[in-house]
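Structure, as C-alpha cells:
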Amino acid sequence: MRIPFVAGNWKMNTTVTEAEQLIFEMLEKLDRIEGVEKVLCPPFVSLVAVNMMLRGSSIKLGAQNMYFETAGAYTGEISPLMLRELCEFVILGHSERRWYFGETDEIVNKKVKVALTNKLKPILCVGERLAENEAGKTEEVVNRQVTAALNGAEPVSNLVVAYEPVWAIGTGKAASGEQAAATIQFIRDVLAKLWNKSIAQNLRILYGGSVTRANIAEFISHPEIDGALVGGASLKAEEFASIVEQTAEIKGRIK
Ligand code: PGA
Numbered sequence: 003m004r005i006p007f008v009a010g011n012w013k014m015n016t017t018v019t020e021a022e023q024l025i026f027e028m029l030e031k032l033d034r035i036e037g038v039e040k041v042l043c044p045p046f047v048s049l050v051a052v053n054m055m056l057r058g059s060s061i062k063l064g065a066q067n068m069y070f071e072t073a074g075a076y077t078g079e080i081s082p083l084m085l086r087e088l089c090e091f092v093i094l095g096h097s098e099r100r101w102y103f104g105e106t107d108e109i110v111n112k113k114v115k116v117a118l119t120n121k122l123k124p125i126l127c128v129g130e131r132l133a134e135n136e137a138g139k140t141e142e143v144v145n146r147q148v149t150a151a152l153n154g155a156e157p158v159s160n161l162v163v164a165y166e167p168v169w170a171i172g173t174g175k176a177a178s179g180e181q182a183a184a185t186i187q188f189i190r191d192v193l194a195k196l197w198n199k200s201i202a203q204n205l206r207i208l209y210g211g212s213v214t215r216a217n218i219a220e221f222i223s224h225p226e227i228d229g230a231l232v233g234g235a236s237l238k239a240e241e242f243a244s245i246v247e248q249t250a251e252i253k254g255r256i257k
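All you need for the numbering used here is the position in the sequence shown, starting with 1, plus 2.
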C-alpha cells in the first residue's frame with residue numbers, strides 16, 4: 003500500500019521571514035490532514051527556522067538540492083551531513099538544476115547514491131523537454147534518466163520519483179491526467195526491471211508541473227499517480243492545503 007505523497011517545492015522564493023510567515027499560515031491546515039505524507043522544501047537558509055516550527059507536527063521537511071560530497075573544500079555547497087540533521091527528504095535532479103545549472107545524469111546519480119548512504123530520502127525528478135515530447139521521445143528520455151540516476155544504487159524503498167515534464171513546469175500547461183498516468187506506469191515498469199517488481203510496486207511516483215487546486219483531482223484520481231510535486235501553488239497556504247486535502251479525500255475513496 004503506497005501512502006499518497008504531496009511535496010511543496012518553494013524554489014528560490016521566500017526570505018527567512020517570509021518562510022516563517024508561510025509556515026505560520028499553513029501549519030494548522032496541513033497538520034490536521036491525515037493519510038497523506040506532506041513535505042515542504044523551502045530554501046536552504048530557512049531550513050533551520052522551518053525545522054523548529056514543524057517540530058511535533060505531521061509535516062516533514064525536504065531540501066531542494068545537495069552536493070555529492072559529504073565535506074571539504076567545496077565553497078558554497080551543502081552536504082548530506084548538514085541536511086540530514088534538518089530534513090528527511092532532498093529533491094534531486096530537478097529540471098531547473100539540470101537545465102540552468104548543467105547537472106548531468108552522472109551528477110544526479112552521484113547525488114542519489116550519497117543521499118541514500120547518508121539516510122536522506124531522494125525525491126528524484128525526471129521528465130522530457132518539449133521538443134523531446136513532440137518527437138515522441140518521452141519514454142526514451144525518462145528511461146535514460148531513471149536508469150542513469152539509479153546506476154549502482156542498491157534497491158531501496160525510501161526513494162520517491164517525480165515525473166515532471168519540463169514543458170509543464172511553471173508554464174500553466176499541465177500534462178493531462180492520462181498522459182501523466184501512462185508515463186508514470188512506464189517509469190514503474192523501468193523500476194521493476196532495474197530493481198524488482200515488488201520494490202517498484204511500493205515506490206511512490208508523483209506528477210509535477212503546473213499542479214493547482216483546480217487540476218490536482220485529475221492526476222490523483224489515477225491509481226498509478228501517488229501524489230504531486232507542487233511548485234508555484236505551494237507558495238499559497240490556502241491553495242496548497244486544498245491540494246493536500248483533495249489528495250487525502252480522493253485517495254481515501256479509491257483505496
Ligand atoms: P510548478 O513547478 O508547479 O510551478 O509548475 C513544479 C516543480 O518544478 O516541481
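Glycine is no exception: its CB is placed at the ideal position from the N, C-alpha and C atoms.
Bear in mind that the values here come from a model prediction, so they are computed numbers and not experimental data.
{"Asked": "Straight-line Cα distance separating Thr214 from Phe221", "Found": "11 Å"}
{"Asked": "Three-state secondary structure (DSSP) of Phe188", "Found": "helix"}
{"Asked": "heavy atom of ligand 1 below 6 Å from Val246 C-beta", "Found": "no"}
{"Asked": "DSSP three-state assignment for Leu49, whether helix, strand or coil", "Found": "helix"}
{"Asked": "Inter-residue CB distance, Asn153 and Asn111 (contact presumed, cutoff 8 Å)", "Found": "5 Å"}
{"Asked": "Where Val144 falls: helix, strand or coil (DSSP)", "Found": "helix"}
{"Asked": "Separation of Pro225 from Gly179, as counted between CA atoms", "Found": "11 Å"}
{"Asked": "Test item: CB-CB of Leu88 and Asn53 under 7 Å", "Found": "yes"}
{"Asked": "Contact test: Val50 Cβ vs ligand 1 heavy atom, cutoff 6 Å", "Found": "no"}
{"Asked": "Chain B contact for Ala250 (CB, 7 Å cutoff)", "Found": "Absent here is chain B; the protein component of the structure consists of one chain."}
{"Asked": "Inter-residue spacing [alpha-carbon to alpha-carbon] between Val128 and Thr19", "Found": "32 Å"}
{"Asked": "Separation of Glu136 from Glu36, as counted between CA atoms", "Found": "39 Å"}
{"Asked": "Proximity test, Ile171 beta-carbon vs ligand 1 heavy atom, cut-off 6 Å", "Found": "yes"}
{"Asked": "Which residues DSSP lists as bridging Gly10, in chain order", "Found": "Leu42, Val232"}
{"Asked": "Residue burial classification, Asn11 (beta-carbon count within 10 angstroms, cutoff 16)", "Found": "buried"}
{"Asked": "Euclidean distance between Cα positions of Leu2 and Ile186", "Found": "For residue 2 there is no data in the structure shown, the boundaries of the chain being 3 and 257."}
{"Asked": "Runs of beta strand (DSSP E) wholly within the segment 103–133 (minimum 3 residues, chain order)", "Found": "123–128"}
{"Asked": "Alpha-carbon to alpha-carbon, Tyr209 and Ile227", "Found": "7 Å"}
{"Asked": "Contact under 7 Å by Cβ, Asn67 with Lys123", "Found": "no"}
{"Asked": "Residues near Ala155 in its chain [Cβ-Cβ closer than 7 Å; skip 5 each side]", "Found": "Val114, Lys115, Leu118"}
{"Asked": "Nearest-angstrom Cα separation, counted from Trp101 out to Ala243", "Found": "30 Å"}
{"Asked": "Residue range of the beta strand (DSSP E) that includes Arg206", "Found": "206–210"}
{"Asked": "Segment contact, 8 Å Cβ cut-off, at least three pairs: the segment 49–63 with the segment 170–184", "Found": "no"}
{"Asked": "Cβ pair Ala65, Val92 closer than 7 Å", "Found": "yes"}
{"Asked": "Exposure of Ile256, with buried meaning 16 or more beta-carbon neighbours within 10 Å", "Found": "exposed"}
{"Asked": "Contact under 7 Å by Cβ, Pro157 with Ile201", "Found": "yes"}
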